[in-house]
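Engineer: Take a look at this one; I'll ask things after.
Number of protein chains: 2
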Amino acid sequence: MPKVGMEPLRRKALIDATISAIGERGSLDVTMSDIAGRAGVSSALAHHYFGAKDELLQATMRHLLSELGADARTALRAAATPHQRVLALIAVNFSDKQFQAGTIAAWLAFYVEAQKSPAMRRLLRIYARRLHSNLMSGLVRLLPRAEAERVAEGIAALIDGFYIRRALKDGAPNAASAAAVIEDYLETKLVQQKA
Amino acid sequence: MPKVGMEPLRRKALIDATISAIGERGSLDVTMSDIAGRAGVSSALAHHYFGAKDELLQATMRHLLSELGADARTALRAAATPHQRVLALIAVNFSDKQFQAGTIAAWLAFYVEAQKSPAMRRLLRIYARRLHSNLMSGLVRLLPRAEAERVAEGIAALIDGFYIRRALKDGAPNAASAAAVIEDYLETKLVQQKA
DNA sequence: TTTCATTGATTGACCAGTCAATTAAAAATA
DNA sequence: TATTTTTAATTGACTGGTCAATCAATGAAA
Chain A
1 MPKVGMEPLR RKALIDATIS AIGERGSLDV TMSDIAGRAG VSSALAHHYF GAKDELLQAT
61 MRHLLSELGA DARTALRAAA TPHQRVLALI AVNFSDKQFQ AGTIAAWLAF YVEAQKSPAM
121 RRLLRIYARR LHSNLMSGLV RLLPRAEAER VAEGIAALID GFYIRRALKD GAPNAASAAA
181 VIEDYLETKL VQQKA
Chain B
196 MPKVGMEPLR RKALIDATIS AIGERGSLDV TMSDIAGRAG VSSALAHHYF GAKDELLQAT
256 MRHLLSELGA DARTALRAAA TPHQRVLALI AVNFSDKQFQ AGTIAAWLAF YVEAQKSPAM
316 RRLLRIYARR LHSNLMSGLV RLLPRAEAER VAEGIAALID GFYIRRALKD GAPNAASAAA
376 VIEDYLETKL VQQKA
């Protein structure tokens with residue numbers, strides 16, 4: 001075992017293991033031993049690096065949040081028009097990387113956790129605000145402000161709605177059809193505007 | 196303490212207590228003792244009537260499901276047109292009785308639980324199918340079949356989406372604005388159709 | 001005197017978090 | 001260079017607490 005800078009490696013491994021464990025169990029009801037085992041270390045080490053289970057879970061959520069944020073930034077950079085910006089944001093949420101069993105399960109579990117944990121709620125609010133302002137950055141050029149606001153809320157709810165409803169289907173998640181419904185919603189609102 | 200037919204009374208009290216406990220804790224992470232205490236009985240009695248915690252939770256979910264179903268039937272009975280049928284279904288989900296902290300928390304918690312419990316998943320599927328077919332009963336008269344299908348999916352996702360996003364806001368749930376977004380979605384699709 | 005309602009006490013499992021002990025690399029010192 | 005010392009990484013074993021589930025015992029109506 002090398003001695004140099006194990007900490008970042010172990011933290012990353014433990015966070016990945018947490019997502020995988022949550023994905024398999026389908027809830028936050030996972031033990032530190034299980035997580036640590038998946039990461040190939042003892043549960044004592046997980047406590048050593050994260051202090052408490054809570055902090056590991058929060059770190060995991062922050063990781064999910066930052067991955068999604070990075071994907072969104074990349075997608076937005078490639079979008080030339082306001083319309084494309086909105087489509088890009090929808091696409092990101094249903095990309096193969098994001099719309100995955102483990103990740104979806106983790107998001108849902110965190111939503112539930114947010115009801116009792118102020119820290120989690122704060123993190124989720126960051127996500128919600130960021131999504132909203134990203135969506136608005138495109139929508140305000142396409143619709144009157146009040147209308148844009150409404151559509152942004154609708155798209156956000158649709159995204160979370162399809163995430164949660166994923167729990168009903170078994171087998172591979174069908175991202176394409178979910179994205180199609182949201183895109184259709186957007187197009188309909190835009191067509192209506194032009195008319 | 197009367198002796199006659201305590202069972203239905205106690206079952207009802209325990210189910211109500213379960214919803215209240217879940218609502219307060221914000222998750223299914225509630226103890227049998229807590230639930231039993233709220234119902235004014237010992238945890239042993241809860242086990243006596245329900246056998247296991249799992250069955251109490253399932254019974255609670257079945258209760259939620261049947262309340263929602265009853266409300267939906269009542270609302271549909273008063274709807275004269277296909278358009279009103281759809282509006283009525285939206286309204287039911289955001290009525291004061293349904294869109295309540297405790298009930299919302301319970302639905303979300305059950306969604307998460309459904310990921311690991313086949314029994315819960317089955318129950319949620321019943322809810323989803325019923326909502327879908329209720330929505331379609333109005334939409335097929337208003338839109339071409341494929342379009343109706345798409346809108347039904349959209350409305351269902353919006354409802355669940357606003358339920359889950361309720362977790363982000365604090366204070367009283369704002370049902371009116373959620374319902375407004377969904378109604379706007381519906382109207383937009385109908386106007387588009389006429390054009 | 002049978003049958004239903006009810007509980008206190010107990011058990012057994014599980015689990016987060018702690019800690020003292022071990023290894024080995026790295027840094028400091030001779 | 002050879003040594004001692006410090007520091008980081010790591011774990012097995014343990015503790016305290018929690019909780020679902022069981023059960024034998026009590027009460028009280030029919």
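Residue numbers (my numbering), protein chains in the order written: chain A, 1 to 195; chain B, 196 to 390. Beta carbons: idealized from backbone N, C-alpha and C, even for Gly.
With a threshold of 9 Å between beta carbons, is Ile19(A) in contact with chain B?
Structural biologist: So no, Ile19(A) is outside the interface.
Engineer: Below 7 Å on C-beta distance, what does Arg325(B) contact in chain A?
Structural biologist: Ordered by position in chain A, no residue passes the 7 Å Cβ test against Arg325(B), which lies about 12 Å from the chain.
Engineer: On the DSSP letters alone, give me the boundaries of the alpha helix (DSSP H) that Gly356(B) sits inside.
Structural biologist: First-last of the alpha helix (DSSP H) with Gly356(B): 340-360.
Engineer: Measure the Cβ-Cβ separation of Lys207(B) and Gly26(A) and say whether it is below 9 Å.
Structural biologist: The answer is no: Cβ separation not under 9 Å.
Engineer: Going by the CB atoms, is the gap between Ala352(B) and Phe294(B) shorter than 9 Å?
Structural biologist: For Phe294(B) and Ala352(B), no; Cβs fall outside 9 Å.
Engineer: Taking all protein chains shown into account, do 16 or more other C-beta atoms lie within 10 angstroms of the C-beta of Ile182(A), making it buried, or fewer, making it exposed?
Structural biologist: Counting Cβ neighbours within 10 Å, Ile182(A) comes out buried, since at least 16 surround it.
Engineer: Determine which residues of the stretch 14-47 of chain A have a Cβ less than 7 Å from any Cβ of chain B, and write them out in chain order.
Structural biologist: Residues passing the 7 Å Cβ filter: Arg25, Gly26, Ser27.
Engineer: For Met1(A), would you say it is in contact with chain B, using Cβ-to-Cβ distances shorter than 9 Å as the test?
Structural biologist: Only weak support is given to the placement of Met1(A): the predicted model assigns it a pLDDT of 47, under 50, and the question is left unresolved by the model.
Engineer: Name the chain B residues whose beta carbon is nearer than 9 Å to that of Leu108(A)?
Structural biologist: Those are Leu303, Tyr306, Val307, Gln310, Ile359, listed as they occur along chain B.
Engineer: Which of helix, strand or coil does DSSP assign to Thr276(B)?
Structural biologist: Here Thr276(B) sits in coil by DSSP.
Engineer: Going along the stretch 168-184 of chain A in order, which residues come within less than 7 Å of chain B, judged by CB to CB distance?
Structural biologist: So the close ones are Leu168, Val181, Asp184.
Engineer: For a test of the three-state rule: what should DSSP assign to Lys12(A), helix, strand or coil?
Structural biologist: The answer is helix: DSSP assigns Lys12(A) an H, G or I state.
Engineer: Give the residues of chain B in contact with Glu153(A), contact being defined as C-beta atoms less than 7 Å apart.
Structural biologist: Per Cβ cutoff of 7 Å: Val376.
Engineer: Have a look at Gly218(B) and Ile210(B) and give me their C-alpha separation to the nearest angstrom.
Structural biologist: Going from the Cα of Gly218(B) to the Cα of Ile210(B) covers about 12 Å.
Engineer: Can you check which of these residues, Asn134(A), Val112(A), Arg130(A), is closest to Pro82(A) by C-alpha distance?
Structural biologist: Nearest of Asn134(A), Val112(A), Arg130(A) to Pro82(A), Cα basis: Asn134(A).
Engineer: Establish whether the CB of Arg316(B) and some CB of chain A are separated by less than 9 Å.
Structural biologist: Output row for Arg316(B): interface = yes.
Engineer: Is the CB-CB distance between Gln192(A) and Val386(B) below 9 Å?
Structural biologist: Yes, Cβ-Cβ distance for Gln192(A) and Val386(B) is below 9 Å.
Engineer: Would you decide whether Ala241(B) is buried or exposed? Buried here means 16 or more other CB atoms lie within 10 Å of its CB.
Structural biologist: Per the 10 Å Cβ criterion, buried.
Engineer: Which residue wins for smallest C-alpha separation from Gln392(B), given the options Tyr380(B), Phe289(B), Ala309(B)?
Structural biologist: Past the boundaries of the shown model lies residue 392(B); chain B is included only from 196 to 390, so the question cannot be answered.
Engineer: So, is Gly246(B) buried or exposed, given that buried needs 16 or more other C-beta atoms within 10 angstroms?
Structural biologist: Exposed, by the Cβ-count rule.
Engineer: Can you give the Cα-Cα distance for Ala78(A) and Trp107(A), rounded to whole angstroms?
Structural biologist: Distance between the alpha carbons of Ala78(A) and Trp107(A): 26 Å.
Engineer: Quick check: what's the CA-CA separation for Arg141(A) versus Ile126(A)?
Structural biologist: Between Arg141(A) and Ile126(A), the C-alpha separation is close to 24 Å.
Engineer: Give me the chain B residues within the contact set of Asp160(A), using Cβ-Cβ distance strictly less than 7 Å, ordered along the chain.
Structural biologist: Result: Gly356, Ile359, Arg360.
Engineer: Looking only at its chain, what residues have a beta carbon closer than 7 Å to the beta carbon of Ser43(A), apart from the 5 residues adjacent to it on each side?
Structural biologist: Met32, Ser33, Ala36.
Engineer: Closer than 8 Å by C-beta to Val30(A): which residues in its own chain qualify, once you throw out the five before and the five after it? Chain order, please.
Structural biologist: For Val30(A), where only same-chain residues beyond five positions count, the Cβ hits under 8 Å are Thr18, Ala21, Ile22.
Engineer: DSSP three-state call for Gln295(B): helix, strand or coil?
Structural biologist: Reduced to three states, the DSSP call for Gln295(B) is coil.
Engineer: Within a Cβ cutoff of 7 Å, which residues of the same chain sit near Phe94(A), ignoring the five residues on either side of it in sequence?
Structural biologist: If we look at Phe94(A) and ignore the five residues flanking it on each side, its Cβ neighbours are Ala175, Ala178, Ala179.
Engineer: For Ala59(A), would you say it is in contact with chain B, using Cβ-to-Cβ distances shorter than 9 Å as the test?
Structural biologist: Not one chain B Cβ lies under 9 Å of Ala59(A).
Engineer: Once DSSP output is grouped into helix, strand and coil, what is the label at Lys389(B)?
Structural biologist: Here Lys389(B) sits in helix by DSSP.
Engineer: Find out if the Cβ-Cβ distance for the pair Leu260(B), Ala270(B) is shorter than 9 Å.
Structural biologist: Their beta carbons are not under 9 Å apart, which means Leu260(B) does not touch Ala270(B) by this criterion.
Engineer: Using CA atoms only, rank isn't needed, just tell me which of Lys292(B), Leu223(B), Ala300(B) is closest to Ala265(B).
Structural biologist: Out of Lys292(B), Leu223(B), Ala300(B), Lys292(B) has the C-alpha closest to the C-alpha of Ala265(B).
Engineer: Run through DSSP, which three-state label would Leu142(A) get?
Structural biologist: Correct three-state label for Leu142(A): coil.
Engineer: Just how far apart, CA to CA, sit Leu28(A) and Val307(B)?
Structural biologist: Between Leu28(A) and Val307(B), the C-alpha separation is close to 9 Å.
Engineer: Identify whether Gln115(A) lies in helix, strand or coil by the three-state DSSP scheme.
Structural biologist: Of the three classes helix, strand and coil, the one that applies to Gln115(A) here is coil, per DSSP.
Engineer: Does Met1(A) come out as helix, strand or coil in the three-state DSSP assignment?
Structural biologist: With a pLDDT of only 47 at Met1(A), under 50, the local geometry of the prediction cannot be trusted, and the value read off the model is given with reservation. Met1(A): coil per DSSP, three-state reduction.
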